[in-house]
Ligand SMILES: [Mg+2]
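In UniProt numbering, the protein residues as written are 1 to 364.
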């Protein structure tokens, strides 16, 4: 990627510590937005997010949509976003099918025969990349490209297994084990890819996030100088932002919960966090080292011999505004720099106990 990274590789400060003194929509020129769990969950927009994205655009931020969901072609994704109140053009959307198709075209050359497994978005992307789409293992495909699709069943998986066993390269658009839904996590492409891998014993090549190809392509298309990745998954969106050298905002409207964030390894730690994408419109407080612990707003967290502790400063008025996540920001820094195993957190007072329960964390 040629754009200057928002976060210099020489920046040694821990993730989250710097915050963002002005709303990210005024600081970063392009938001690289994940879709499932960020803009929508299942069929519906995340409440307030279409309005927030309109306000971010009004503040001068451009939007790019980067999805590991391979099922639908970009024009269909753009039409769905527009219907949900987020006006989008097909060329603002990058799907993992497109990324997989470019990788396969580069690897095998134009016109190579490829067996798609997944929704219509997979075959559309393969044809657009100049590849020849076949539907049977007997057609001797050089690759199987597997992406998410609700229609994927035994017959498609069996065809893929035979083709891969006969020597076709198995390429997965992404390896997300789950997709978010209003009923909780449901099987994602990674789970279906696992079926083909388990039966053939061959490891697939994965081309979607966290591989940086999609974020890099979005940066190239938009000419972003200072992009901000907005995502709900640590192992795809946030890791992808690290590998693309971009800053990141984690939102809690999708699959990640506070316990998962506290346990995150270095590649999975975001620069900013918010309840949802409306976090683009507000300043994010810094987290500062204080007395062997970490302070954010009126909260202080320490990592001691007995594990993590969180202290509030009572419920009185005064102090900077708190979006309900300041204590969690302090706790993340304590967990990430303290070297203790995340476990139940000691509540130093009643406000800490209430906050911890609100984030679904175990209290001791
Ligand atoms: Mg997502």
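The beta-carbon is built from N, C-alpha and C at its ideal position, and this holds for glycine as well.
Handout entry: Distance between residue 114 and residue 321 (C-alpha atoms, nearest Å)
Key = Near 55 Å, if we compare the C-alpha coordinates of residue 114 and residue 321.
Problem - Buried/exposed call for residue 3, threshold 16 Cβ in 10 Å - result: Since pLDDT at residue 3 reaches only 38, below the 50 mark, its modelled position is unreliable, and the value read off the structure follows with that caveat. Flag for residue 3 reads buried.
Handout entry: DSSP three-state assignment for residue 2, whether helix, strand or coil
Key = Because the pLDDT of residue 2 is 38, which lies under 50, any placement of that residue in the model is unreliable, and the number read from its coordinates should be weighed accordingly. Residue 2 sits in coil when the DSSP states are folded into three classes, being neither helix nor strand.
Practice task
Quick one: measure Cβ to Cβ for residue 293 and residue 301, integer angstroms, because I've assumed they're closer than 8 Å.
Solution key: Contact flag correct, Cβ pair sits at about 6 Å.
Exercise for the section: Give the range of the beta strand (DSSP E) segment to which residue 296 is assigned. Expected result: Unbroken beta strand (DSSP E) run through residue 296: 293-296.
Handout entry: C-alpha distance - residue 357 paired with residue 336, whole-angstrom precision
Key = The C-alpha of residue 357 lies about 20 Å from the C-alpha of residue 336.
Practice task
Determine, using beta-carbon pairs with one atom in the stretch 76-83 and one in the stretch 149-160, whether at least three such pairs fall under 8 Å.
Solution key: Flag = no, the stretch 76-83 and the stretch 149-160 do not touch.
Problem - Own chain residues within Cβ distance below 7 Å of residue 50, not counting five before or after - result: These residues qualify, in order along the chain: 84, 85 and 86.
Handout entry: Cutoff 6 Å; reference residue 188; Cβ partners in own chain excluding five residues on either side
Key = The answer, listed in chain order, is 176, 177, 178 and 179.
Handout entry: Short Cβ contact (8 Å threshold) for residue 238 with residue 285
Key = Not closer than 8 Å, so no.
Handout entry: Through-space distance from residue 281 to residue 38, alpha-carbon basis
Key = If you take the alpha carbons of residue 38 and residue 281, they lie about 15 Å apart.
Exercise for the section: Pull up the DSSP beta-bridge partners for residue 332, would you. Expected result: In the DSSP output, where bridge partners are listed per residue, residue 332 has none listed.
Exercise for the section: Report yes or no: do three or more beta-carbon pairs, one from the stretch 60-67 and one from the stretch 206-223, lie closer than 8 Å? Expected result: Output reads yes: the stretch 206-223 touches the stretch 60-67.
Handout entry: Boundaries of the alpha helix (DSSP H) in which residue 193 is found, first to last residue
Key = Counting along the chain, the alpha helix (DSSP H) containing residue 193 begins and ends at 189-200.
Exercise for the section: Could you please give me the residues that DSSP links to residue 311 through a beta bridge? Expected result: Looking at the DSSP output, residue 311 bridges to 300.
Practice task
Could you tell me whether the stretch 196-204 touches the stretch 238-247, where touching means 3 or more Cβ pairs closer than 8 Å?
Solution key: Short answer: they don't touch.
Handout entry: Residues of its chain near residue 253, where Cβ-Cβ distance is below 8 Å and the 5 sequence neighbours each way are ignored
Key = Exclusion of the five residues before and after residue 253 leaves 37, 38, 41, 46, 49, 232, 275, 276 and 277 as the residues of its chain whose Cβ lies within less than 8 Å of its Cβ.
Problem - Min CB distance residue 210 to chain B below 8 Å - result: Among the protein chains of the structure shown there is no chain B, as only one such chain exists.
Problem - Beta-carbon spacing of residue 234, residue 259 below 8 Å - result: Not closer than 8 Å, so no.
Exercise for the section: Measure the CB-CB distance between residue 32 and residue 229 and report whether it falls below 8 Å. Expected result: A contact, by the Cβ cut-off of 8 Å.
Exercise for the section: Report whether the distance from the Cβ of residue 184 to the nearest heavy atom of ligand 1 is below 7 Å. Expected result: It does not: the Cβ of residue 184 is nowhere closer than 7 Å to a heavy atom of ligand 1.
Exercise for the section: Return helix, strand or coil for residue 120, following the three-state DSSP convention. Expected result: Correct three-state label for residue 120: helix.
Handout entry: Coarse secondary structure for residue 235, derived from DSSP in three states
Key = The three-state reading of DSSP puts residue 235 in helix, counting H, G and I together.
Practice task
Report the residue from 100, 248 and 296 whose alpha carbon sits nearest the alpha carbon of residue 213.
Solution key: For the residues 100, 248 and 296, the minimum Cα distance to residue 213 belongs to 100.
Exercise for the section: List the DSSP bridge partners of residue 273. Expected result: Looking at the DSSP output, residue 273 shares a beta bridge with 250.
Handout entry: Bridge partner(s) assigned by DSSP for residue 205
Key = Partner(s): 171.
Exercise for the section: Verify the contact flag: residue 72, CB atom, against every heavy atom of ligand 1, threshold strictly below 7 Å. Expected result: For ligand 1, not one heavy atom lies less than 7 Å from the Cβ of residue 72.
Practice task
Measure the C-alpha to C-alpha separation of residue 1 and residue 245 and round it to an integer number of angstroms.
Solution key: Confidence at residue 1 is low in this model, with a pLDDT of 35, below 50, so the placement of that residue should be treated as unreliable; the coordinate-derived value is given next. Taking the straight line from one Cα to the other gives about 9 Å.
Problem - Rounded C-alpha distance that separates residue 352 from residue 262 - result: Approximately 16 Å between the Cα atoms of the pair.
Handout entry: DSSP-derived helix/strand/coil call for residue 325
Key = Coil, per DSSP.
Exercise for the section: Check whether the Cβ atoms of residue 148 and residue 58 lie closer than 8 Å to each other. Expected result: With contacts defined by Cβ atoms closer than 8 Å, residue 148 and residue 58 do not form a contacting pair.
Handout entry: Extent of the continuous beta strand (DSSP E) to which residue 288 belongs
Key = Boundaries of the beta strand (DSSP E) harbouring residue 288: 288-290, taken from the DSSP string.
Handout entry: DSSP three-state assignment for residue 110, whether helix, strand or coil
Key = Coil.
Practice task
Figure out for me which residue from 167, 111, 102 and 174 has the closest Cα to the Cα of residue 118.
Solution key: It is 174.
Exercise for the section: Along the beta strand (DSSP E) that carries residue 67, what are the first and last residues, could you check? Expected result: That run of the beta strand (DSSP E) goes 62-67.
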